[in-house]
Amino acid sequence: MSADTHHVGRVTRLTANGLLVTLTALLPPCLYAHPGLDGFDPLGTQQQITAPPVISRVPDMVGVAPCEFGPPSTTLSLEDVAARALCRNPLTRRAWASAQVQAARLGEAKAAQWPTLSGVLSGSRNRTQTSSTNSWMSQESYNGTARAAELAFDWVMFDFGARSAEMRKARELLVAASESFNAAVLDVLYTSARDYFAALTARAQADAAREAESNAAQSLAAAHARMRSGIVSIADDLQARTALNQAKLSVVRADSALHEAIGTLALDMGLTPDVPLMLAEAPVMLPGSAPQMDAIKALLDQALESHPRLQAARAELQAAQASIDSTRAQAWPSVRLQAGLSASNRPAASIDAAGGMSSTSRNNYVGVRVTIPFFEGFASAYRIREARAQADFQQANIAETEQQVALNVWKSYEAVRAGAQTVQQARALQEDAELAFDAAQSRYRVGVANIIELLHAQDALVAANQQRIVSVSDWLTARLSLAASLGKLDLGQIQNW
1 MSADTHHVGR
11 VTRLTANGLL
21 VTLTALLPPC
31 LYAHPGLDGF
41 DPLGTQQQIT
51 APPVISRVPD
61 MVGVAPCEFG
71 PPSTTLSLED
81 VAARALCRNP
91 LTRRAWASAQ
101 VQAARLGEAK
111 AAQWPTLSGV
121 LSGSRNRTQT
131 SSTNSWMSQE
141 SYNGTARAAE
151 LAFDWVMFDF
161 GARSAEMRKA
171 RELLVAASES
181 FNAAVLDVLY
191 TSARDYFAAL
201 TARAQADAAR
211 EAESNAAQSL
221 AAAHARMRSG
231 IVSIADDLQA
241 RTALNQAKLS
251 VVRADSALHE
261 AIGTLALDMG
271 LTPDVPLMLA
281 EAPVMLPGSA
291 PQMDAIKALL
301 DQALESHPRL
311 QAARAELQAA
321 QASIDSTRAQ
331 AWPSVRLQAG
341 LSASNRPAAS
351 IDAAGGMSST
361 SRNNYVGVRV
371 TIPFFEGFAS
381 AYRIREARAQ
391 ADFQQANIAE
401 TEQQVALNVW
411 KSYEAVRAGA
421 QTVQQARALQ
431 EDAELAFDAA
441 QSRYRVGVAN
451 IIELLHAQDA
461 LVAANQQRIV
471 SVSDWLTARL
481 SLAASLGKLD
491 LGQIQNW
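Using full-length UniProt numbering, the first residue of the sequence shown is number 1, and each one after it goes up by one.
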C-alpha cells in the first residue's frame with residue numbers, strides 16, 4: 001500500500017468519525033428517552049464510577065450489575081454466601097443506583113459546557129371572510145395555511161467559572177457516591193460473613209446440646225442402675241432425670257437458634273428465610289498463644305487514610321467547597337452567544353375572492369447577550385451563606401466519621417487480641433472439663449462419687465463446651481470486624497479465612 005493511499009484512508013476514517021460525532025450531537029433529545037438507548041453515555045460519565053476490585057471476582061457479574069443465582073442446591077461455602085449477598089442484597093443495589101444518579105448529574109454538568117440548538121415548527125389552517133353592507137367597502141377573505149420555522153443557537157461563553165464549579169461539584173459527588181458504594185460492599189461482605197459464622201456457631205451449639213443430652217442420658221442410666229441395685233435412693237434417679245430434661249430443653253432452644261441464624265443468612269443472600277441451606281464447615285485456623293498483629297498506630301493511620309466512608313466524606317466536603325464557588329460565580333454577569341434563523345409564510349387578504357395571496361418573511365440574527373443580576377432580593381447572599389454552612393457541616397461530618405472509624409478499629413483490635421487469649425483458655429477449660437466428667441462418671445459407677453459430684457462435672461462440661469464455641473465465634477467475628485473497620489475486607493480474605 002502506497003503512502004498516498006494510507007493517507008487517504010486515514011483522512012477518510014477521521015472524516016467518518018467526525019461526521020458520526022456531529023450526527024450524534026444533533027440527535028433530538030427525545031430520542032435519548034427511548035428505552036433502547038438507556039446505556040447511551042456520550043460524555044463517558046458512567047465509566048468514572050470506581051467499583052471495588054471485589055466486584056470483578058463475582059461469577060457472571062458484568063461490571064457491577066446484579067447477577068443471578070439459582071436456588072442453593074449444594075453445600076454453600078463462605079465465599080458462595082458472600083458472592084450471593086453481593087449480587088442480591090438491596091444495600092449494594094441501592095448504593096450502585098445512587099452512584100449512577102451522580103454519574104448522570106455529572107453528565108448534566110458537563111452538558112452545560114456545550115451549546116444548545118433548538119428548533120420550532122408550526123403550521124395552521126386559516127380561513128377568514130369579511131363582508132360589508134356598504135357597497136363602497138370591498139369584501140376580503142383569508143384562506144390558506146400559515147407555516148413558520150425557527151432555529152435558535154445559544155452558547156454560554158463566559159460565566160466567571162460557574163459551570164466549571166458545578167462540574168467540579170458533580171465530579172466530587174460522584175467520587176463520594178462511588179466510595180459509598182465501596183462502603184456498602186464492605187458492609188455486605190462483613191454482614192454475610194458474620195451471619196455465616198453465626199450460623200455455624202448455632203449449629204455447633206446445637207451439636208453440643210445433643211452431646212450434653214447424651215451425657216445426661218448416660219448419667220441417668222448409671223443412676224437408675226444403682227437405684228435398682230439398692231445402692232442409692234430414688235433421689236439420685238430423680239436428680240439425673242431432671243438434668244436430662246434440662247438438657248432436652250437446651251436442645252430445643254439450640255435448634256430454634258439454629259433455624260433463626262439460617263433464616264437470617266438466607267435473607268442476606270436475597271432468599272426467603274424458610275429456604276433450607278447446607279453450610280460447609282469453614283476451616284478455622286485457631287490463634288496461637290501470642291498472635292502476630294500490627295501496631296495499633298499503624299492500623300489507625302491506615303484506616304484514617306483509606307476507609308471508604310472517610311473518602312466519601314472528604315469528597316462531599318470538596319463538593320461543598322465547589323458549591324461555594326458556583327454560588328459566588330452565579331452572582332456575577334454571564335455572556336452568551338446567540339444566533340437564530342426564522343422563516344414564515346402566511347396567507348394575506350384577497351379582494352372579492354379573486355385569488356389567494358400570501359406573505360413570506362425571513363429573519364436571521366447573531367448577537368451577544370450579557371445578563372447582569374443587579375438585585376434579586378438578597379437571595380445570592382443567602383445562597384452563599386447556605387453553601388458555607390454546608391461546607392462547615394461536611395467538615396464536622398469528617399471529624400465525626402474519623403472518630404467512629406478510629407473507635408471501630410480500636411474496639412476490633414482489642415477484641416482480636418483478647419479473643420486469641422480467650423480461645424486458648426476456653427480450649428484448656430474444655431479439656432479439663434472432659435477429663436473431670438469422665439473421672440466423675442467412673443467414680444460414680446463404682447460408688448466412690450455421689451450424684452451431686454457427677455451432675456456438677458456434667459454441668460461444668462456443658463458450660464465449657466459452650467464457652468469454647470462462643471470464644472471461637474467471637475474471635476472470628478472480631479477478625480472480620482477489624483478487617484471491615486480498616487476498609488480492607490474482600491472476597492480474597494474471606495476465601496482464605
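For every residue, glycine included, the Cβ atom is placed at its ideal position computed from N, Cα and C.
Does the beta-carbon distance from residue i to residue j come in below 8 Å?
{"i": "Ala391", "j": "Ala478", "result": "no"}
{"i": "Ser178", "j": "Ala99", "result": "yes"}
{"i": "Pro373", "j": "Ala313", "result": "no"}
{"i": "Ala240", "j": "Ala225", "result": "no"}
{"i": "Gln458", "j": "Ser219", "result": "yes"}
{"i": "Ser471", "j": "Ala426", "result": "yes"}
{"i": "Ile49", "j": "Leu174", "result": "yes"}
{"i": "Ala315", "j": "Ala176", "result": "yes"}
{"i": "Ile262", "j": "Leu238", "result": "no"}
{"i": "Ala221", "j": "Ser77", "result": "no"}
{"i": "Ala112", "j": "Glu166", "result": "yes"}
{"i": "Ala303", "j": "Gly487", "result": "yes"}
Which residues in the same chain as residue i place their Cβ atom closer than 8 Å to its Cβ, once the five residues preceding and following it in sequence are excluded?
{"i": "Leu480", "result": "Tyr190, Ala193, Arg194, Phe197 and Leu489"}
{"i": "Val275", "result": "Pro71, Pro72 and Ala266"}
{"i": "Leu258", "result": "Ala199, Ala202, Arg203, Gln205 and Ala206"}
{"i": "Ala354", "result": "Note on Ala354: pLDDT 49, under 50, position unreliable in the model; no value is reported."}
{"i": "Leu213", "result": "The sequence given here has Glu at residue 213, not Leu. These residues qualify, in order along the chain: Leu244, Ala247, Lys248, Ser250 and Val251."}
{"i": "Phe158", "result": "Ser334 and Val335"}
{"i": "Thr75", "result": "Met278, Leu279 and Ala280"}
What is the DSSP secondary structure of residue i, reduced to helix, strand or coil?
{"i": "Asn345", "result": "strand"}
{"i": "Trp155", "result": "strand"}
{"i": "Val405", "result": "helix"}
{"i": "Val275", "result": "coil"}
{"i": "Glu434", "result": "helix"}
{"i": "Asn182", "result": "helix"}
{"i": "Arg489", "result": "Looking at the sequence shown, residue 489 is not Arg but Leu. Here Leu489 sits in coil by DSSP."}
{"i": "Ser98", "result": "helix"}
{"i": "Leu482", "result": "helix"}
{"i": "Ser250", "result": "helix"}
{"i": "Val462", "result": "helix"}
{"i": "Glu376", "result": "coil"}
{"i": "Val335", "result": "strand"}
{"i": "Thr74", "result": "coil"}
{"i": "Glu45", "result": "According to the sequence shown, residue 45 is Thr rather than Glu. Thr45: coil per DSSP, three-state reduction."}
{"i": "Gly144", "result": "strand"}
{"i": "Gly447", "result": "coil"}
{"i": "Gly107", "result": "helix"}
{"i": "Glu150", "result": "strand"}
With a threshold of 7 Å, establish whether the CB of residue i neighbours any heavy atom of the ligand COA.
{"i": "Gln311", "result": "Absent from the structure shown: the ligand COA. Ligands present: none."}
Apart from the five residues on each side of it in sequence, which residues of its chain come closer than 6 Å, Cβ to Cβ, to residue i?
{"i": "Ala460", "result": "Ala433"}
{"i": "Leu476", "result": "Phe197"}
{"i": "Arg84", "result": "Phe69 and Met269"}
{"i": "Ala320", "result": "Gln390, Ala391 and Gln394"}
{"i": "residue 575", "result": "Any property of residue 575 remains undetermined from this structure, which presents the chain solely from 1 to 497."}
{"i": "Ala146", "result": "Ser124, Asn126 and Arg346"}
{"i": "Ala149", "result": "Leu121 and Ala343"}
{"i": "Val81", "result": "Ser192 and Tyr196"}
{"i": "Val232", "result": "Arg226"}
{"i": "Asn450", "result": "none"}
{"i": "Thr45", "result": "Ala103, Leu106 and Gly107"}
Any Cβ of chain C within less than 8 Å of the Cβ of residue i?
{"i": "Phe181", "result": "Protein chain content of the structure displayed is limited to a single chain, and chain C is not contained in it."}
So, at 7 Å on beta carbons, what are the nonlocal neighbours of residue i in its own chain, with the 5 sequence-adjacent residues on each side left out?
{"i": "Thr272", "result": "Ala266"}
{"i": "Ile469", "result": "Thr201, Ala204, Gln205 and Ala208"}
{"i": "Pro115", "result": "Phe153, Asp154 and Trp155"}
{"i": "Ser412", "result": "Ala478, Ser481, Leu482 and Ser485"}
{"i": "Leu317", "result": "Ala391, Gln394, Gln395 and Ile398"}
{"i": "Arg171", "result": "Leu106"}
{"i": "Leu454", "result": "Ser219, Ala440, Gln441 and Tyr444"}
{"i": "Leu337", "result": "Trp155, Met157 and Val368"}
Is there contact between the region 310-325 and the region 159-171, where contact requires at least three CB pairs shorter than 8 Å? The region 310-325 vs the region 159-171: in contact.
Is the number of C-beta pairs between the region 77-93 and the region 182-189 that are closer than 8 Å three or more? With a cut-off of 8 Å, the region 182-189 and the region 77-93 count as touching, because enough Cβ pairs lie within range.
Taking 8 Å as the cut-off, does the region 198-207 touch the region 429-439 (at least 3 CB pairs, one atom from each stretch)? No, because fewer than three Cβ pairs between the region 429-439 and the region 198-207 fall closer than 8 Å, the two stretches do not touch.
On the three-pair Cβ rule with 8 Å, is the region 299-308 touching the region 379-391? Segment contact: the region 299-308 against the region 379-391, fewer than three CB-CB distances shorter than 8 Å; contact not assigned.
Measuring CB atoms only, is the region 363-372 touching the region 336-345, in the sense that at least three cross pairs come out at less than 8 Å? A contact exists between the region 363-372 and the region 336-345.
Extract the residue ranges of the beta strand (DSSP E) inside the region 198-251, only unbroken runs of 3 or more that lie entirely within it. The qualifying runs do not exist here; there are none.
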